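> Numbering (our numbering), first residue to last: 88 to 209.
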Amino acid sequence: MSMVLGLVLILGLAACGGGNSGNESSMNDGSANENSSDKTSESSGEYDAEAAQATYEANCLSCHGENLQGKVGPGLTAVGSSYSKDEILNIIQNGKGQMPGNILRGDTEKEENVAKWLADMK
């Protein structure tokens with residue numbers, strides 16, 4: 088039983104990633120658009136903030152923190168300043184660095200909603 092519990096713990100920690108300093112600047116590896124001023128002025132579109140927050144709390148909070156401040160994964164408090172909605176959506180779907188892809192198990196409605204919500208974090 089303790090071996091199974093240990094394996095579950097190891098797999099859970101591996102899924103959350105690691106090795107990042109805990110701030111959103113560590114997410115920027117140069118793959119984001121160089122003209123970030125265009126991104127900050129773009130609207131990410133309409134979204135359901137309450138549903139996005141609930142999705143975040145259920146799927147992202149353990150790695151990115153209760154207040155988007157970062158934990159094992161980088162902080163997301165100003166992620167919209169570095170990444171567009173489409174770039175965030177790509178990360179949610181395909182992963183990046185230590186973050187695995189398919190976090191929302193292909194629920195495109197939730198993926199789009201959370202990406203728009205996060206893109207407004209500037």
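The C-beta atom is built at its ideal place from N, Cα and C for all residues, glycine as well.
As the structure is a prediction and not an experimental result, all values here were calculated from the model.
Just checking my contact of Ala139 with Gly167 at CB under 8 Å: how many whole Å lie between their CB atoms?
Rounded, the Cβ-Cβ distance is 13 Å, inconsistent with contact.
> Starting from the Cα of Met211, find the closest Cα among Glu137, Gly182, Ala165 and give me that residue.
The displayed coordinates of the chain run from 88 to 209. Any statement about residue 211 would go beyond what the structure contains.
> Using 10 angstroms around the beta-carbon of Ser160, count the other beta-carbons present and answer buried if the total reaches 16, otherwise exposed.
Reading off the sequence, residue 160 comes out as Gly, not Ser. Buried.
> Quick check: Leu191 and Ile179, are their CB atoms within less than 8 Å of each other?
Contact: yes.
> Quick one: what does DSSP say Lys172 is sitting in, helix, strand or coil?
Helix, per DSSP.
> Indicate the three-state DSSP secondary structure (helix, strand or coil) for Ile203 in the structure shown.
It should be noted that the sequence gives Lys, not Ile, for residue 203. DSSP places Lys203 in helix when its eight states are reduced to three.
> Whole angstroms are fine: how far does the CA of Ile175 sit from the CA of Asn200?
Computed Cα separation, rounded: 11 Å.
> I'd like to check one pair, Ser131 with Lys197: are the Cβ atoms closer than 8 Å?
It is not a contact, given that the beta carbons lie outside the stated cut-off.
> Tell me whether Glu111 is buried or exposed, calling it buried when 16 or more other Cβ atoms sit within 10 Å of its Cβ.
With a pLDDT of 41 at Glu111, under the threshold of 50, the modelled position of this residue cannot be trusted; read the value that follows with caution. Glu111 is buried by the Cβ-count criterion.
> Which value, in whole angstroms, describes the spacing of the CA atoms of Asn115 and Thr142?
With a pLDDT of 40 at Asn115, under the threshold of 50, the modelled position of this residue cannot be trusted; read the value that follows with caution. Answer to the nearest angstrom: the Cα atoms are 23 Å apart.
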